[in-house]
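For the sequence shown, our numbering assigns the number 128 to the initial residue and increments by one for each residue that follows.
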Amino acid sequence: MIYANIILGENVEIDPSSTFNNVRIGSDAKIAKLCSIFGSQCNPVRIGAGSYVGMMSVINGYAAEVTIGERVSIASRVTIMTDSGPNASRLLQVVYPIKKGPVTIGEDCWIGTNTVVGPNVVIGRCVVVGANSFVNSSVESFSVVGGNPSRLIRRFTCEEIRRIEAEAMSQGISLAGGLDLDATSGEDAK
128 MIYANIILGE NVEIDPSSTF NNVRIGSDAK IAKLCSIFGS QCNPVRIGAG
178 SYVGMMSVIN GYAAEVTIGE RVSIASRVTI MTDSGPNASR LLQVVYPIKK
228 GPVTIGEDCW IGTNTVVGPN VVIGRCVVVG ANSFVNSSVE SFSVVGGNPS
278 RLIRRFTCEE IRRIEAEAMS QGISLAGGLD LDATSGEDAK
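(1) Taking the straight line between their C-alpha atoms, what separation do you get for Ala71 and Asp210?
(2) Name the two residues that bound the continuous beta strand (DSSP E) containing Ser163.
(3) So which of Ile174, Asn170 and Ala202 has the shortest CA-CA distance to Met182?
(4) Any idea if Gly299 is buried or exposed, counting beta-carbon neighbours within 10 angstroms, 16 or more meaning buried?
(5) If we call anything under 9 Å between Cβ atoms a contact, is Gly245 one with Lys226?
(6) Buried or exposed for Arg204, going by 16 or more other Cβ atoms inside 10 Å?
(7) Using DSSP's beta-bridge definition, name the partner residues of Val248.
(8) With H, G and I counted as helix, E and B as strand and the rest as coil, what does DSSP make of Ile300?
(9) Give the DSSP bridge partners of Ser216, in chain order.
(10) Helix, strand or coil: how does DSSP classify Arg173 here?
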């Protein structure tokens, strides 16, 4: 593999058994064992500061952008893909065309083990995705989803959102802004 188009923030930890290419990883992020994370030169995968990617996870951003916010917890064996379909069979593509599109995961989300996130999905901030889920449609912020295909289990209560807002304020975290994944201090291109 030719490693190129890699920008890492400060204190990024990547297990040596993981492979990655065409990525921008924010400061203090951690990538566990046996992960495969790749974008393309036009679509680098963006992983926000303080995020964690669990063992044996695959993030395929080759066909379109993958943007993962700050402080996102991705459990083991999660697959995030920007394209899906029977790419080896032009015959099946007549009935099942290849789907392509970006994936965005907002800040402070928790993606459970063995989850698959498909193309054209936006997951809002502070979302919990239950283990073994297939997320093929977008999810609103402050929600809990699960299943195959995933469905809304519940929304956070007003009290839970107030507690999250209070904790964010005490830590100096803004809940109002968008994702700022280019704010990696001490960037070091490899």
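All residues carry an ideal CB built from backbone N, CA and C; glycine is no exception.
Based on what the coordinates show:
(1) A question about residue 71 goes unanswered here, because the residues of the chain that appear run from 128 up to 317.
(2) To locate residue 163, count along the sequence shown from 1; it is residue 36. Here the beta strand (DSSP E) through Ser163 covers Ser163 to Phe165.
(3) To locate residue 182, count along the sequence shown from 1; it is residue 55. Comparing Cα positions, the closest option is Ala202.
(4) In the sequence shown, the residue the question calls residue 299 occupies position 172. By the 10 Å Cβ count, Gly299 comes out exposed.
(5) Start at 1 with the first residue of the sequence shown, and residue 245 comes out as number 118. Start at 1 with the first residue of the sequence shown, and residue 226 comes out as number 99. In this structure, Lys226 lies closer than 9 Å to Gly245 by Cβ.
(6) Residue mapping note: residue 204 aligns to position 77 of the sequence shown, counting from 1. Buried, since its Cβ has 16 or more Cβ neighbours within 10 Å.
(7) Here residue 248 is taken as the residue at index 121 of the sequence shown, counted from 1. The partner list for Val248 (beta bridge, DSSP) reads Val230.
(8) By 1-based counting over the sequence shown, the position of residue 300 is 173. Note: Ile300 maps to coil in three-state DSSP.
(9) If you number the sequence shown from 1, residue 216 lands on position 89. Its beta-bridge partners do not exist; DSSP assigns none.
(10) Stepping through the sequence shown from its first residue, residue 173 is reached at position 46. Note: Arg173 maps to strand in three-state DSSP.
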